[in-house]
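Here the protein sequences line up with chains B and X, keeping their order. If you're matching positions, the first sequence starts at 0 in numbering that gives the first Met the number 0 and goes up one per residue. If you're matching positions, the second sequence starts at 0 in numbering that gives the first Met the number 0 and goes up one per residue. Glycine is no exception: its CB is placed at the ideal position from the N, C-alpha and C atoms.
Protein chains: 2
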Amino acid sequence: MSVHRDIRSPSQHCGDCPIRHRAVCARCEADELELLEQIKYYRSYEAGQTVIWSGDKMDFVASVVTGIATLTQTMEDGRRQMVGLLLPSDFVGRPGRSSAAYDVTATTDLVMCCFRRKPFEELMASTPHIAQRLLEMTLDELDAAREWMLLLGRKTAREKIASLLAIIARRDASLKEPRAQTGALTFDLPLTREEMADYLGLTLETVSRQISALKRDGIIQLDGKRQVTIPSIDRLLDQTGDDSDGGFLD
Amino acid sequence: MSVHRDIRSPSQHCGDCPIRHRAVCARCEADELELLEQIKYYRSYEAGQTVIWSGDKMDFVASVVTGIATLTQTMEDGRRQMVGLLLPSDFVGRPGRSSAAYDVTATTDLVMCCFRRKPFEELMASTPHIAQRLLEMTLDELDAAREWMLLLGRKTAREKIASLLAIIARRDASLKEPRAQTGALTFDLPLTREEMADYLGLTLETVSRQISALKRDGIIQLDGKRQVTIPSIDRLLDQTGDDSDGGFLD
DNA sequence: TCCTGAAGTTGATCTGCATCAAGGCGGATG
DNA sequence: CATCCGCCTTGATGCAGATCAACTTCAGGA
Chain B
0 MSVHRDIRSP SQHCGDCPIR HRAVCARCEA DELELLEQIK YYRSYEAGQT VIWSGDKMDF
60 VASVVTGIAT LTQTMEDGRR QMVGLLLPSD FVGRPGRSSA AYDVTATTDL VMCCFRRKPF
120 EELMASTPHI AQRLLEMTLD ELDAAREWML LLGRKTAREK IASLLAIIAR RDASLKEPRA
180 QTGALTFDLP LTREEMADYL GLTLETVSRQ ISALKRDGII QLDGKRQVTI PSIDRLLDQT
240 GDDSDGGFLD
Chain X
0 MSVHRDIRSP SQHCGDCPIR HRAVCARCEA DELELLEQIK YYRSYEAGQT VIWSGDKMDF
60 VASVVTGIAT LTQTMEDGRR QMVGLLLPSD FVGRPGRSSA AYDVTATTDL VMCCFRRKPF
120 EELMASTPHI AQRLLEMTLD ELDAAREWML LLGRKTAREK IASLLAIIAR RDASLKEPRA
180 QTGALTFDLP LTREEMADYL GLTLETVSRQ ISALKRDGII QLDGKRQVTI PSIDRLLDQT
240 GDDSDGGFLD
């Protein structure tokens, strides 16, 4: 089992916890919120820590509060494929299954809002729109996974990198600037070159080369290794191979 | 819109329809079943017909009764990636979304049990375990999609082919022979070489070559182009790159 | 201050799969 | 029966990305 510390903090109420808004109780009544309050607790992890190993017993479900975590699968000989990126408000774990299917790792410092599985399942049984909300989120994840399948199966290295940068940029834009972005966009890469490679089905050398190429071609600018500026989002999207009408900020 | 014919047949009751068992109403009360009966109808398609195009309005959700359908995504320049294979009892469509995200194509003759979306959503709102059942199924699909991401991102062509054959063999075995398989296993490939290629992120030539290679190495036998015999399932699984303890018949 | 190690870059070379091309096979159709 | 066409196989060649290797950058620690 991974090391972690619990920070059950009654003072830190669900107002800080995105599960309220996205995962569970968008339409909850006050007494249902109360039930959620009673079974929830927080866990925090340091960057690089493993939250849970594939196959471990997982007696909770959780929602990311702050930080970034990854889901990865590993083959016996060490080949790794990232199968999901967990951002604040994303949900981990599945009701009805007690063991984890993937390695979950904190790539940055991470705080999660956890619910013990048993009481959560009971709450779900008695509160219909929790299951509906989870269904909606899971369908979104399934769509994202299928888009990723297209990327992994059919896109070139350059298209893969451009797609990843576009995804990170889109998320970052919607977090920081609710209004439409017109000019340049600057953000920090939350992943190492190797993590990007594991996400994209490439090697870290190819990732590095393609980033250099995009920089050489003026599609992106780099400040240090991690800080990226995108002068024109349209020019970046042209490199992704996706339909032009991609709905960048919808 | 694709051509189809409706076969609203009051005589053909839900007993023939896998949605009863897997998708919707495993624990339904009689009156809920009655509601489902009222809003359901059947559609059938011929092999090769497109059920729905990506972006089309989709005013129903459905469950496959017999036959096989595929979900594919296509890039502007024609690169294609299959993102799902729909077998009997699998579910298509998502409550809360009115347009299709993928092309759905019948690869064999196909019968689907459809429910108009609006009444289905109303039923879902009033019947909690329908949402729970759908959630469970969607989580299974998500797991399958993530396993496929590992295949697409990290497996070699030979491993991809072996994995696909293993998946088809497993499904076929569980349909035909509930008891454990000990000896050889024979089945027909439901996909053309090109469809396999689109599923695996390869070209049809590579698919053909790798199948020939597996045959040459005695992992499989071929009778004609489509009929496959697997003398030893373990020897096939050795070629997939997956953990040995894969739980072939669980 | 230097040392150390993790992260990243870049070059040279190799190779697995794509691409291009030429048939083969089997079933439908006149 | 011949012909045609979709599906498949096999060979020759090319290239994108993997692999192997050397070097740079930078942050942290003694």
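Original post:
In angstroms, rounded to a whole number, what distance separates the CA positions of His-20 (chain X) and Gln-131 (chain X)?
Top reply: Note on His-20 (chain X): pLDDT 41, under 50, position unreliable in the model; the coordinate value appears next. Straight through space, the alpha carbons of Gln-131 (chain X) and His-20 (chain X) are spaced by roughly 14 Å.
Original post:
At a cut of 8 Å, does the stretch 43 to 56 of chain X reach the stretch 100 to 110 of chain X through at least three beta carbon pairs?
Top reply: Counting Cβ pairs under 8 Å, three or more are found: they touch.
Original post:
If the cut is a Cβ gap below 7 Å, which residues of chain X does Asp-237 (chain B) touch?
Top reply: Neighbours of Asp-237 (chain B) on chain X: none; closest Cβ ~12 Å, over 7 Å.
Subject >> Cβ-based burial, Asp-237 (chain B) [other Cβ within 10 Å; buried from 16] >> reply: Exposed is the call here.
Original post:
To the nearest whole angstrom, what separates the beta carbons of Val-91 (chain X) and Ala-124 (chain X), a pair I think is in contact under 8 Å?
Top reply: Not a contact, Cβ separation roughly 20 Å.
Subject >> Cβ-based burial, Ala-99 (chain B) [other Cβ within 10 Å; buried from 16] >> reply: Per the 10 Å Cβ criterion, buried.
Original post:
If you check the beta carbons only, do Pro-230 (chain B) and Ala-168 (chain B) fall under 7 Å apart?
Top reply: Their beta carbons are not under 7 Å apart, which means Pro-230 (chain B) does not touch Ala-168 (chain B) by this criterion.
Subject >> Classification of Thr-155 (chain B) by the beta-carbon crowding that lies within 10 angstroms, buried from 16 upward >> reply: Answer is exposed; the Cβ neighbour count stays below 16.
**OP:** Check the C-beta distance from Leu-199 (chain B) over to Leu-149 (chain B) and give it rounded, since I have them as a contact under 8 Å.
**Re:** For a cut-off of 8 Å, the C-beta gap from Leu-199 (chain B) to Leu-149 (chain B) is around 12 Å, too long to register as a contact.
Original post:
Quick one, which residues of the stretch 140 to 161 of chain X are near chain B if we go by CB-CB under 7 Å, in chain order?
Top reply: Those would be Glu-140, Leu-141, Asp-142, Ala-144, Arg-145, Trp-147, Met-148, Leu-149, Leu-151, Gly-152, Arg-153, in chain order.
**OP:** Measure the Cβ-Cβ separation of Gly-240 (chain X) and Met-74 (chain B) and say whether it is below 7 Å.
**Re:** Met-74 (chain B) sits close to Gly-240 (chain X), with the two beta carbons spaced by under 7 Å.
Original post:
So is Asp-89 (chain X) buried or exposed if we call it buried at 16+ other beta carbons inside 10 Å?
Top reply: Label assigned to Asp-89 (chain X): buried.
Original post:
Since Ile-210 (chain B) and Leu-235 (chain B) are thought to touch, with beta carbons under 8 Å apart, how far apart are those beta carbons, to the nearest angstrom?
Top reply: For Ile-210 (chain B) against Leu-235 (chain B), the beta-carbon gap comes to about 12 Å, at or over 8 Å, which does not count as contact.
Original post:
For the beta strand (DSSP E) that Lys-154 (chain B) lies in, which residues bound it at each end?
Top reply: For Lys-154 (chain B), there is no enclosing beta strand (DSSP E), as DSSP marks it with neither H nor E.
Original post:
Taking one C-beta from the stretch 188 to 205 of chain B and one from the stretch 113 to 128 of chain B each time, how about it: are there three or more such pairs within less than 8 Å?
Top reply: Three or more Cβ pairs closer than 8 Å define a contact, and the stretch 188 to 205 of chain B falls short of that threshold against the stretch 113 to 128 of chain B.
**OP:** Tell me, please, whether the CB atom of Thr-191 (chain X) is closer than 7 Å to any CB atom in chain B?
**Re:** By this cut-off, Thr-191 (chain X) is not an interface position.
Original post:
Using the beta-carbon of each residue, which ones in chain B are nearer than 7 Å to Val-227 (chain X)?
Top reply: Result: empty, since nearest Cβ-Cβ is about 23 Å, beyond 7 Å.
**OP:** Report the residue from X:Arg-93, X:Asp-142, X:Ala-68 whose alpha carbon sits nearest the alpha carbon of Lys-56 (chain X).
**Re:** The residue among X:Arg-93, X:Asp-142, X:Ala-68 with its C-alpha nearest the C-alpha of Lys-56 (chain X) is X:Arg-93.
Subject >> Cut-off 7 Å between Cβ atoms - residues of its own chain near Phe-252 (chain X), not counting five sequence neighbours on either side >> reply: Because chain X spans 0 through 249 in this model, residue 252 (chain X) falls outside it and cannot be assessed.
Subject >> Per-residue DSSP class, three states only, for Tyr-44 (chain X) >> reply: Judged by DSSP in its simplified three-state form, Tyr-44 (chain X) adopts strand.
Original post:
Residues of chain B with a CB under 7 Å from the CB of Ser-130 (chain X): which are they?
Top reply: Here residue 130 (chain X) turns out to be Ala, not Ser, going by the sequence shown. Neighbours of Ala-130 (chain X) on chain B, chain order: Pro-127, Ala-130, Gln-131, Leu-134.
**OP:** Output yes if chain B places a C-beta closer than 7 Å to the C-beta of Arg-169 (chain X); else output no.
**Re:** By this cut-off, Arg-169 (chain X) is not an interface position.
**OP:** Go ahead and pull the three-state DSSP assignment for Leu-190 (chain X).
**Re:** DSSP places Leu-190 (chain X) in coil when its eight states are reduced to three.
**OP:** Along the beta strand (DSSP E) that carries Met-111 (chain B), what are the first and last residues, could you check?
**Re:** That run of the beta strand (DSSP E) goes 109 to 115.
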